[in-house]
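One structure below.
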Amino acid sequence: MRATCLIRRISRSCAIALCINAVALPMGTVAHAADYPERPVKIILGFAPGGATDGLARILARMLSERMGQQFIVDNKPGAATRIGIEAAQKASADGYTIGLATAVTTAFPLMFDGVSFAPDKDFVPISMLGRAPTFLMVRKDLPAQNYKEFVALGKKDGKLTLGHPGNGSNPHIAGLTLARAEGMPVTSIPYKGTQPAATAVGAGEVDFAMMEYAVARPMVEAGKARLLAVTEPRRSAIQPDIPTGREVGITKDVEGLTPWFMMFAPIGTPKPVVDALNKQLREVLATAEVRQQLAQLGVEPESSSAAEAASYFNAQRARVSKLGDELKLSLKN
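In the numbering used here, the protein residues as written are 7 to 340.
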């Protein structure tokens with residue numbers, strides 16, 4: 007009898023302990039999130055210093071540092087089409103003190119690498135979309151085409167147009183090939199090591215055209231070395247409102263939205279309250295007039311989102327890039 011009572015008391019004690027632990031775990035997480043961040047936070051970026059993406063990361067890092075009371079530090083890890091930086095962020099401790107900045111090229115990873123997985127809620131936790139950089143059809147200054155119709159006619163007649171782009175699998179690469187395929191224009195694709203070299207090549211007359219974000223095209227355009235024929239968006243860009251949209255001039259809708267975009271993410275397992283805190287701060291930062299003005303100088307149109315919306319956008323873009331890759335018969339693997 008005494009043994010039975012003792013066993014019952016032990017069982018009740020264990021049950022109480024389990025209940026306390028079950029409550030304490032989420033309470034501890036909430037307490038951690040309430041104090042977050044307690045030390046510097048690293049933002050890993052798969053690009054070298056300089057350029058629009060690095061500029062975006064540094065603007066956000068500065069604003070988050072001011073608002074959250076700890077330093078947010080950009081850690082550049084370029085290489086392998088941003089894969090090096092992406093994987094470094096994925097493998098970091100899931101405590102909110104290392105996050106990553108992903109771009110559109112990540113949706114082309116399945117076309118570029120074997121055994122590389124980058125999927126929301128499986129390989130990373132989306133935090134928020136950050137913005138997009140509208141893409142313009144940029145041509146060399148002396149190309150004998152003053153508008154899109156003449157550009158297509160030249161491409162079909164000449165059959166030797168050259169497309170410069172910032173790397174295989176990049177959105178400008180896929181967008182350029184998609185446009186050419188839709189119009190029945192044969193083109194020769196020439197990769198460069200980044201957007202700046204590709205834009206410079208257009209300005210120097212090394213290639214005939216490129217699909218380029220405005221911040222990179224701007225120096226060539228303002229110097230009179232290149233021209234913009236259209237923006238591949240459903241509406242005119244606030245950055246260059248005088249440039250017609252692809253719909254206005256007849257560019258295939260398959261090209262719409264194939265623009266550079268940016269998203270903040272965290273390693274799998276990062277506590278939801280921490281993700282929510284970062285999402286809240288990013289949405290508020292991206293809504294400020296100061297940041298919107300600074301990003302406009304980089305050719306970026308701010309666009310925040312919920313974590314779920316970011317995941318949905320990523321999945322849609324990945325499916326789209328995969329479909330276009332199949333249609334274009336792109337072989338990007340070494």
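Quick reminder that beta carbons are idealized off the backbone N, C-alpha and C, glycines included.
- In this structure, Val-255 places its C-beta atom within 9 Å of the C-beta atom of Lys-155.
- In this structure Gln-300 is buried. Its beta-carbon is surrounded by 16 or more other beta-carbon atoms within 10 angstroms.
- Boundaries of the beta strand (DSSP E) harbouring Ile-49: 47-51, taken from the DSSP string.
- In the three-state reduction of the DSSP assignment, Asp-81 falls in the strand class, which pools E and B.
- With respect to Asn-153, Leu-338 sits apart: the two C-beta atoms are not nearer than 9 Å.
- Cβ contact annotation for Met-191 (same chain, cutoff 7 Å, sequence separation greater than five): Val-158, Gly-161, Lys-162, Leu-167, in chain order.
- The distance from the Cβ of Thr-184 to that of Thr-258 is about 7 Å, consistent with a contact at the 8 Å cut-off.
- Between Ala-313 and the set Asp-164, Leu-334, Asn-285, Gln-96, the nearest pair of CA atoms involves Asn-285.
- In this structure, the alpha-carbon of Ser-71 lies about 5 Å from that of Phe-78.
- By a beta-carbon distance limit of 8 Å, Val-227 contacts Leu-234. Their separation comes to about 6 Å.
- Using a C-beta cut-off of 8 Å, the stretch 294-309 makes contact with the stretch 135-150, since at least three inter-stretch Cβ pairs fall below that distance.
- Here the alpha carbon of Val-193 sits roughly 35 Å from the alpha carbon of Pro-126.
- At the C-beta level, Met-269 and Thr-238 stay beyond 9 Å of one another.
- For Thr-201, the CB contacts under 6 Å within the same chain, skipping 5 residues up- and downstream, are Pro-172, Val-222 in chain order.
- Of the candidates Glu-262, Pro-273, Ala-244, Thr-251, Ala-244 places its Cα closest to the Cα of Pro-308.
- For Pro-126, no beta strand (DSSP E) run applies, since DSSP gives it neither H nor E.
- Taking a contact as a CB-CB distance under 8 Å, the pair Gly-91 and Pro-84 counts as one, their CB atoms being some 7 Å apart.
- Unbroken beta strand (DSSP E) runs of no fewer than 3 residues, entirely contained in the stretch 214-257, are found at 215-219, 232-237, following chain order.
- The secondary-structure analysis by DSSP pairs Met-269 across a beta bridge with Ala-108, Met-135.
- Secondary structure of Met-118 (DSSP, three-state): helix.
- Contact between Leu-292 and Ser-318 does not hold, since the beta-carbon distance rounds to 18 Å and is not under 8 Å.
- Exposure of Glu-333 is indicated by the presence of fewer than 16 other C-beta atoms within 10 angstroms of its C-beta.
- Of the residues assessed, Thr-59 falls on the buried side of the cut-off, its CB having 16 or more other CB atoms within 10 angstroms.
- Between the alpha carbons of Gly-165 and Ser-99 lies a distance of about 52 Å.
- Going by DSSP, Gly-190 is part of no beta strand (DSSP E) at all; its letter is neither H nor E.
- For Leu-167, the three-state secondary structure derived from DSSP is strand.
- Per DSSP, the continuous beta strand (DSSP E) segment holding Thr-141 begins and ends at 141-146.
- Per DSSP, Gln-152 lies in no alpha helix (DSSP H) segment and is marked neither H nor E.
- Straight through space, the alpha carbons of Lys-97 and Asn-177 are spaced by roughly 26 Å.
- The alpha-carbon of Val-122 is positioned some 43 Å away from that of Pro-150.
- Lys-48 is the residue among Ala-94, Lys-48, Gly-52, Gly-57 whose C-alpha sits nearest the C-alpha of Arg-68.
- Taking 9 Å as the cut-off, the Cβ atoms of Ala-110 and Thr-265 count as close.
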